[in-house]
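Student: Have a look at the structure that comes next, please.
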Amino acid sequence: MNVSAETAPALEELRARASALDTADPLAAQRERFVLPDDIVYLDGNSLGALPAAVPGALADVVHRQWGTGLIRSWNEHQWWQAPLRVGDLIGRLLGAAPGQTVAGDSTTVQLFNGLTAAARLRPGRRLMLTDPGHFPTDQYIADSVARLLGLEVRWVAVDDLARCLAEQGHEVAVAGYSPVDYRTGELHDMAAVTSAVQEAGGLMLWDLCHAAGALPVRLDELGVDLAVGCGYKFLSGGPGAPAFIYIARRHQAAVDQPLTGWNGHAEPFGLSGDYTPAPGVERARIGTPPILSLLALEAALTAFDGIDMEQIRAKSLSLTGFFTDCADTLLDELGFTVVTPREPHRRGSQVALRHPDAYPLVRALAARGVIGDMRAPDLLRFGVNALYVSHRDMLTAVRHLREAVAHGEHRDPRFLRRAAVT
Ligand SMILES: Cc1ncc(COP(=O)(O)O)c(C=O)c1O
771 MNVSAETAPA LEELRARASA LDTADPLAAQ RERFVLPDDI VYLDGNSLGA LPAAVPGALA
831 DVVHRQWGTG LIRSWNEHQW WQAPLRVGDL IGRLLGAAPG QTVAGDSTTV QLFNGLTAAA
891 RLRPGRRLML TDPGHFPTDQ YIADSVARLL GLEVRWVAVD DLARCLAEQG HEVAVAGYSP
951 VDYRTGELHD MAAVTSAVQE AGGLMLWDLC HAAGALPVRL DELGVDLAVG CGYKFLSGGP
1011 GAPAFIYIAR RHQAAVDQPL TGWNGHAEPF GLSGDYTPAP GVERARIGTP PILSLLALEA
1071 ALTAFDGIDM EQIRAKSLSL TGFFTDCADT LLDELGFTVV TPREPHRRGS QVALRHPDAY
1131 PLVRALAARG VIGDMRAPDL LRFGVNALYV SHRDMLTAVR HLREAVAHGE HRDPRFLRRA
1191 AVT
């Protein structure tokens, strides 16, 4: 790769830093728990996690032996029936949730619908739902739909304005639905402060953990969070369309009245009664027959976290994103990029976002060079880091390629301007 004479010493210094940081990295060996092509720098694990090495064999066993030979007997013999709770508990460990509070299944969108509705029903007489105007679209659509169904009103309040809103109308708030990490900028909000502010006003707190689960410690039990949902396919690396999860704090479970009253959540599913009696615990958050292949792929994927503490993951993730930002400051100066992710470690999640007017073709040009990130409209390049398989060297390689792609005008190639169905 070409580098101008003036950046050569800075590049040398960055290279030496990357090498020292990677040598001292206690998680470096975890990359072997994933199948990743050698010639790819994968910085899109915040959209679709890489393939954990344990998954192909586990899935082959589920398909050939458990399904192919065991047939319907495997619901009992291989505990398929218990999988939503078993996988839920594995996820719960990563979320600081004691067993018996998390269920895996369905999509984040479905879990959001169930969770927001159930939360609002736990606060009858309160007419407001709060959510972020910059929230991921599905969170906005579902909040709006739940509010219309229950005759509530959505207030679109940014996290920074929450205190003011709660001071004025907190007594009317039934539930607040927020994400700790802004999916575009990677900004991390103070979960403890937001949770207690909402609860002090008498409302319930529901967190969407899509960009936090498996990426950073969230301490659900310790913070006294009421409900949480999240997906299985980003930092949990459960595969495309992996089952999502819902967490319902134990203290709420007996009273939770969830709207999707499927037979799997019944107290006695095989009693086949025509009347719905919810299961006593978090089992009531089950809906219909779970997608066993996907669920067991997710279960195998979660072994990538065996023996690893979320604090270790957080420490490395911050080191990676901090180093990425340093590389960008040094190598992308005056090339039209702005780092939009907060620089203070306690204010950033596990990604770095750069603003550039040519974000889309640049992401495509980078991918052609083997560096995979993604774009969020209109002008953000997102680079997610999964500390289990990304190195500091990857950070430097990505930024160097970005510099070269811009310098050579590669993003002006017409084939990179055409939008694919998924950006
Ligand atoms: C914060 C957030 N919530 C929800 C979703 C997606 O919901 P679903 O898993 O139902 O597609 C995403 C997807 O990127 C997300 O970032």
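Mapping the sequence shown onto this note's numbering, position 120 (from 1) lands on 890, and the numbers just tick up by one.
All C-beta atoms in this analysis are idealised placements derived from N, C-alpha and C, irrespective of residue type, glycine included.
Quick caveat, the model's predicted, so the values are computed rather than measured.
Which whole-angstrom value describes the C-beta separation of D1036 and A1024, a residue pair presumed to lie in contact below a C-beta threshold of 8 angstroms?
Tutor: Reading off the sequence shown, one finds His at residue 1036, where the question assumed Asp. Actually they are not in contact, since the Cβ atoms of H1036 and A1024 sit about 15 angstroms apart, beyond 8 angstroms.
Student: What's the C-alpha gap between R897 and Q969?
Tutor: Going by the C-alpha atoms only, they are around 15 angstroms apart.
Student: Within the present structure, is the beta-carbon of D909 separated from the nearest heavy atom of ligand 1 by less than 8 angstroms?
Tutor: The answer is yes for D909.
Student: By alpha-carbon positions, which one of V833, G1002, D809 and L813 ends up nearest to V1169?
Tutor: For the residues V833, G1002, D809 and L813, the minimum Cα distance to V1169 belongs to L813.
Student: Excluding the five sequence neighbours on either side, which residues of its own chain have a C-beta within less than 7 angstroms of the C-beta of D809, listed in chain order?
Tutor: If we look at D809 and ignore the five residues flanking it on each side, its Cβ neighbours are G1140.
Student: Are at least three pairs of beta-carbons, each pair with one atom in the region 1123-1131 and one in the region 1151-1165, less than 8 angstroms apart?
Tutor: Flag = yes, the region 1123-1131 and the region 1151-1165 touch.
Student: Determine which residues share a DSSP beta bridge with M1145 and list them.
Tutor: For M1145, which the question treats as bridged, DSSP gives the partners L1151.
Student: Just the C-alpha distance for V1032 and G1041, rounded to the nearest angstrom, thanks.
Tutor: Before going on, a small fix: residue 1032 reads as Gly here, not Val. Approximately 14 angstroms between the Cα atoms of the pair.
Student: Spatial neighbours of P903 within its chain, please: CB distance less than 7 angstroms, with the 5 preceding and 5 following residues excluded, ordered by chain position.
Tutor: Once the five neighbours on either side are set aside, the close Cβ partners of P903 are W926 and A928.
Student: Can you tell me the Cβ-Cβ gap for V999 and L922, rounded? I've got them flagged as a contact below 8 angstroms.
Tutor: V999 to L922, Cβ: 19 angstroms. No contact.
Student: Quick one: what's got a C-beta closer than 8 angstroms to F1094's C-beta in the same chain, skipping five residues either side?
Tutor: So the list reads V1122, F1153, V1155, M1165, A1168 and V1169, once near-sequence residues are dropped.
Student: Does the Cβ-Cβ distance between T1100 and T777 come in under 9 angstroms?
Tutor: Contact: yes.
Student: Can you tell me which of the three DSSP states P1050 falls into?
Tutor: Reduced to three states, the DSSP call for P1050 is coil.
Student: Can you pull every residue whose C-beta falls closer than 5 angstroms to some heavy atom of ligand 1, listed in chain order?
Tutor: Every residue passing the under-5 angstroms Cβ criterion appears here: S877, T878, T879, F906, T908, S949, Y953, D978, C980 and C1001.
Student: Closest Cβ-Cβ distance between E1038 and chain C: below 9 angstroms?
Tutor: Of the protein chains in this structure there is only one, and it is not chain C.
Student: On the criterion of 16 or more Cβ atoms from any shown chain inside 10 Å, does Q836 qualify as buried, or is it exposed?
Tutor: So Q836 ends up on the buried side.
Student: Please classify P950: does DSSP put it in a helix, a strand, or coil?
Tutor: Three-state DSSP puts P950 in coil, outside helix and strand.
Student: To the nearest angstrom, how far is the alpha carbon of P1131 from that of A1098?
Tutor: About 18 angstroms.
Student: Helix, strand or coil: how does DSSP classify P822 here?
Tutor: Strand at P822.
Student: Taking only three categories from DSSP, how would you classify W926?
Tutor: The answer is strand: DSSP assigns W926 an E or B state.
Student: Measuring alpha carbon to alpha carbon, tell me which residue in R803, L784, A820 and A799 is nearest K1004.
Tutor: Per the Cα distances, A820.
Student: Using three-state DSSP, classify T901 as helix, strand or coil.
Tutor: Correct three-state label for T901: strand.
Student: Please classify E1114: does DSSP put it in a helix, a strand, or coil?
Tutor: Reduced to three states, the DSSP call for E1114 is coil.
Student: State buried or exposed for G1009, treating a residue as buried only when at least 16 other CB atoms are found within 10 Å of its CB.
Tutor: The residue is buried, with at least 16 neighbouring Cβ atoms inside 10 Å.
Student: Pairs of beta-carbons, one from the region 928-938 and one from the region 866-878, closer than 8 angstroms: are there three or more?
Tutor: Result no; under three Cβ-Cβ pairs closer than 8 angstroms.
Student: Go ahead and label H1162 buried or exposed: buried means 16 or more other beta carbons lie within 10 angstroms of its beta carbon, across all protein chains shown.
Tutor: Counting Cβ neighbours within 10 Å, H1162 comes out buried, since at least 16 surround it.
Student: Per the DSSP calculation, R1125 is bridged to which residue(s)?
Tutor: T1108 and L1150, per the DSSP bridge assignment.
Student: How long is the line joining the alpha carbons of Y1017 and L919, rounded to whole angstroms?
Tutor: Cα to Cα, the separation comes out at about 23 angstroms.
Student: Can you check which of these residues, T901, V995 and L990, is closest to D952 by C-alpha distance?
Tutor: D952 has its Cα closest to that of T901, out of T901, V995 and L990.
Student: Drop a sphere of 10 angstroms on the beta-carbon of T1059, count the other beta-carbons inside from all chains shown, and report buried for 16 or more, exposed for fewer.
Tutor: So T1059 ends up on the exposed side.
Student: Just to confirm the assignment, what range does the alpha helix (DSSP H) spanning A913 have?
Tutor: Residues P907 to L920.
Student: Give the secondary structure of Y1130 by DSSP, where H, G and I count as helix, E and B as strand, and everything else as coil.
Tutor: Helix.
Student: For A868, I'd like the list of residues in its chain whose CB is within less than 8 angstroms of its CB, leaving aside the five on either flank, ordered along the chain.
Tutor: Excluding sequence neighbours, A868 sits near G862, D991 and R1020.
Student: Just to check my reading of the structure: T872 and P1029 have Cβ atoms closer than 8 angstroms, yes? What is that Cβ distance to the nearest angstrom?
Tutor: That belief does not hold up - the Cβ atoms of T872 and P1029 are roughly 19 angstroms apart, past 8 angstroms.
Student: The beta strand (DSSP E) with G1032 in it runs from where to where?
Tutor: Looking at the DSSP string, G1032 is not in any beta strand (DSSP E), and its letter there is neither H nor E.
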